[in-house]
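Visitor:
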Amino acid sequence: MIIVLGKNITEQEKINILERIKENGLTPHISEGIEKTLIGVVGDERILQAKPLDGMPGIEKIIQILKPFKLVSRDFKNENTVIEINGNKFGNGDFDFIAGPCSVESKEQIFSTAKFLSQKGIKYLRGGAFKPRTSPYSFQGLGVEGLEYMREAARLYDMSVISEVVDARDIELCYKFVEVFQVGARNMQNFNLLRELGNQSKPVLLKRGMSSTIKEWLMAAEYIMLKGNSNIILCERGIRTFEDYTRNTLDLSAVIAAKKETHLPVIVDPSHGTGRKDMILKMTLAAKVIGADGVMVEVHPEPEKALSDSAQSMNFKEFDNLITEVKKLKWPQ
Ligand code: PEP
Ligand code: MN
30 MIIVLGKNIT EQEKINILER IKENGLTPHI SEGIEKTLIG VVGDERILQA
80 KPLDGMPGIE KIIQILKPFK LVSRDFKNEN TVIEINGNKF GNGDFDFIAG
130 PCSVESKEQI FSTAKFLSQK GIKYLRGGAF KPRTSPYSFQ GLGVEGLEYM
180 REAARLYDMS VISEVVDARD IELCYKFVEV FQVGARNMQN FNLLRELGNQ
230 SKPVLLKRGM SSTIKEWLMA AEYIMLKGNS NIILCERGIR TFEDYTRNTL
280 DLSAVIAAKK ETHLPVIVDP SHGTGRKDMI LKMTLAAKVI GADGVMVEVH
330 PEPEKALSDS AQSMNFKEFD NLITEVKKLK WPQ
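Numbering (our numbering), first residue to last: 30 to 362.
1) Would you kindly work out how many angstroms separate the C-alpha atoms of Leu279 and Arg266, rounded to a whole number?
2) State the start and end residues of the unbroken alpha helix (DSSP H) segment that holds Gln138.
3) Is the stretch 98 to 110 close to the stretch 238 to 258, with three or more CB pairs under 8 Å?
4) Mapping DSSP to helix, strand and coil, what is Lys311?
5) Please confirm whether any heavy atom of the ligand MN lies closer than 7 Å to the CB of Cys131.
6) What span of residues does the alpha helix (DSSP H) with Thr66 cover, start to end?
7) Of the residues His292, Val326 and Pro294, which one's Cα is nearest the Cα of Thr303?
8) So for Met254, helix, strand or coil by DSSP?
9) Rounded to whole angstroms, what is the Cα-Cα separation between Arg184 and Pro232?
10) Please report how far the alpha carbon of Asn258 lies from the alpha carbon of Asp187, in whole angstroms.
11) If you measure between the beta carbons of Leu176 and Phe210, is that distance less than 8 Å?
12) Straight-line CA distance for Ser282 to Lys136?
13) Would you mind working out which of Phe145, Tyr166, Asn219 and Ser132 sits nearest Ile191, comparing C-alpha positions?
14) Span of the alpha helix (DSSP H) holding Pro232?
15) Report the CB separation of Asp263 from Val212 in whole angstroms; it is logged as a contact under 8 Å.
16) On the DSSP letters alone, give me the boundaries of the alpha helix (DSSP H) that Thr353 sits inside.
17) Quick one: what does DSSP say Val133 is sitting in, helix, strand or coil?
18) Quick one: measure Cβ to Cβ for Val328 and Ser342, integer angstroms, because I've assumed they're closer than 8 Å.
19) Assuming Ile268 contacts Ser230 under a Cβ cut-off of 8 Å, what Cβ separation, rounded to an integer in Å, is found between them?
20) Identify whether Val101 lies in helix, strand or coil by the three-state DSSP scheme.
21) For Tyr274 and Glu347, I'd like the C-alpha separation in whole angstroms.
22) How is Pro299 classed by DSSP in three states: helix, strand or coil?
23) Within 10 angstroms of the Cβ of Arg198, are there 16 or more other Cβ atoms? Answer buried if so, exposed if not.
24) Does any heavy atom of the ligand PEP sit closer than 7 Å to the C-beta of Pro332?
25) Could you tell me if Trp360 is buried or exposed, where buried requires 16 or more neighbouring beta carbons within 10 angstroms of its beta carbon?
26) Report the three-state DSSP secondary structure of Glu245 (helix, strand or coil).
27) Once DSSP output is grouped into helix, strand and coil, what is the label at Met179?
28) Could you give the distance in angstroms between the alpha-carbon of Gly116 and the alpha-carbon of Gly122?
29) Taking the alpha-carbon of His292 as reference, which of Gln78, Arg103, Arg75 and Glu74 has the nearest alpha-carbon?
So, in structure tokens, the structure goes:
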């Protein structure tokens, strides 16, 4: 349920309400909006039958949320969530770019990529160090060494690092290297990982599972937010359908749905979404038109030599052209 507090509520009335919630064994989540302050109450609300909240001074109204995701829903918080990453604001209405190689392969590779991207004004550097690959025989990433290279490159070029964590046991290890933890499509419903990330003070980029519904994706975000971390960026990266012309079917309608249902920023990954670099530019333009908060694009100094996702990685010139074209597109017009 959501408790809407009255405009003239006193500090003591607020304390009383929070205590009543807690003494019922429930957890309050406060959302201080510009217009209103709300308290989201999660847990078994039937307990409140004994000591109900109705009629307590300071409460304007109580709304029941029937959706399976609550804290991430716009019913709980209508204003868009803006996430602060190293002094930059993600989700504030700009169209942001996260770019970098699929995998960190060497110091030279990540440094040259970071140098190029920073010259183009890109603030967010992606790169996989722990690579979940479909085949166990494929390159599995450089691990901590990869994270160290990324951190150094990001420091030198004033960028923020986004990298995937595949196991809850690695969070502590990864913490000092990244600004944003990425949860990959294959881990979207790894609930232990989600819960642990919910306890962290750094943002999470949550990719949609390749066979997950929009509702399941939002419920995965709810797992994180329920633990206290509301800095979540959702990322549509394509779903598995019968179509095999493209690697995945990029579900842009899911972005429209997610923007409508949640206050969290939503981005698109046209690289994994299509698996083909000839489609990335147009899918990025489409992402901007439908109101996405940005894109995550795979960029490599020599894509033909990339150890993973070669066919969907752009070279510097192609990515430069992408940024130019996206900036030219004024939307909304
Ligand atoms: C990635 O972004 O490197 C990645 C592995 O993507 P996904 O989890 O969407 O397959
Ligand atoms: Mn990849």
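Glycine included, C-beta positions come from ideal geometry on N, C-alpha and C.
Guide: The relevant details are as follows:
1) Position 250 of the sequence shown, counting from 1, holds the residue named residue 279. Position 237 of the sequence shown, counting from 1, holds the residue named residue 266. For Leu279 and Arg266, the distance between alpha carbons rounds to 6 Å.
2) Within the sequence shown, numbered from 1, the residue matching residue 138 stands at position 109. Unbroken alpha helix (DSSP H) run through Gln138: Lys136 to Gln148.
3) yes
4) Along the sequence shown, read from residue 1 onward, the residue named residue 311 stands at position 282. Of the three classes helix, strand and coil, the one that applies to Lys311 here is helix, per DSSP.
5) Looking up residue 131 in the sequence shown gives position 102. Indeed, a heavy atom of the ligand MN lies less than 7 Å from the Cβ.
6) Against the sequence shown, residue 66 aligns to sequence position 37. From DSSP, Thr66 is part of no alpha helix (DSSP H) but of the beta strand (DSSP E) over Thr66 to Val71.
7) To locate residue 303, count along the sequence shown from 1; it is residue 274. Relative to Thr303, the option among His292, Val326 and Pro294 whose CA is nearest is Val326.
8) Here residue 254 is taken as the residue at index 225 of the sequence shown, counted from 1. DSSP places Met254 in helix when its eight states are reduced to three.
9) On the sequence shown, residue 184 is found 155 positions in, with the first residue counted as 1. On the sequence shown, residue 232 is found 203 positions in, with the first residue counted as 1. Rounded to the nearest angstrom, the two C-alpha atoms are 18 Å apart.
10) Here residue 258 corresponds to residue number 229 of the sequence shown, with the count starting at 1. Here residue 187 corresponds to residue number 158 of the sequence shown, with the count starting at 1. Asn258 and Asp187: Cα-Cα distance of roughly 25 Å.
11) For the purposes of this step, residue 176 is taken as the residue at position 147 of the sequence shown. For the purposes of this step, residue 210 is taken as the residue at position 181 of the sequence shown. Cβ atoms of Leu176 and Phe210: not closer than 8 Å.
12) Taking the sequence shown and counting its residues from 1, the one referred to as residue 282 is at position 253. Taking the sequence shown and counting its residues from 1, the one referred to as residue 136 is at position 107. Computed Cα separation, rounded: 38 Å.
13) Here residue 191 refers to the residue found at position 162 when the sequence shown is read from its first residue. Residue Ser132 is the option with its Cα nearest to Ile191.
14) For this step, residue 232 is matched to residue 203 along the sequence shown. Membership of Pro232 in any alpha helix (DSSP H) is not indicated, and neither H nor E is assigned to it by DSSP.
15) The residue given as residue 263 occupies position 234 in the sequence shown. The residue given as residue 212 occupies position 183 in the sequence shown. According to the sequence displayed, residue 263 carries Leu and not Asp. So it is not a contact: roughly 10 Å between Cβ atoms.
16) The residue given as residue 353 occupies position 324 in the sequence shown. Here the alpha helix (DSSP H) through Thr353 covers Phe345 to Lys357.
17) Here residue 133 is taken as the residue at index 104 of the sequence shown, counted from 1. Val133 carries a coil assignment under DSSP once its states are collapsed to helix, strand and coil.
18) The sequence position of residue 328 within the sequence shown is 299, counting from 1. The sequence position of residue 342 within the sequence shown is 313, counting from 1. With a Cβ gap of about 6 Å, Val328 and Ser342 count as contacting.
19) For this step, residue 268 is matched to residue 239 along the sequence shown. For this step, residue 230 is matched to residue 201 along the sequence shown. Between Ser230 and Ile268 the Cβ distance is about 31 Å, and since that is not below 8 Å, they are no contact.
20) As a working note, residue 101 is residue 72 in the sequence shown. It is coil, neither helix nor strand.
21) Within the sequence shown, residue 274 is the residue found at index 245, counting from 1. Within the sequence shown, residue 347 is the residue found at index 318, counting from 1. The straight-line gap from Cα to Cα measures roughly 22 Å.
22) Your numbering for residue 299 matches position 270 in the sequence shown. Correct three-state label for Pro299: helix.
23) Residue 198 sits at position 169 when you count from the first residue of the sequence shown. That one is exposed.
24) Locating residue 332 in the sequence shown gives position 303, counting from the first residue. For the ligand PEP, not one heavy atom lies less than 7 Å from the Cβ of Pro332.
25) Here the question's residue 360 lines up with position 331 in the sequence shown. The residue is exposed, with fewer than 16 neighbouring Cβ atoms inside 10 Å.
26) Within the sequence shown, residue 245 is the residue found at index 216, counting from 1. Here Glu245 sits in helix by DSSP.
27) As a working note, residue 179 is residue 150 in the sequence shown. Met179 falls in the helix class under three-state DSSP.
28) To locate residue 116, count along the sequence shown from 1; it is residue 87. To locate residue 122, count along the sequence shown from 1; it is residue 93. Straight-line Cα distance between these residues: approximately 16 Å.
29) Along the sequence shown, read from residue 1 onward, the residue named residue 292 stands at position 263. Taking only the C-alpha atoms, the option nearest His292 is Arg103.
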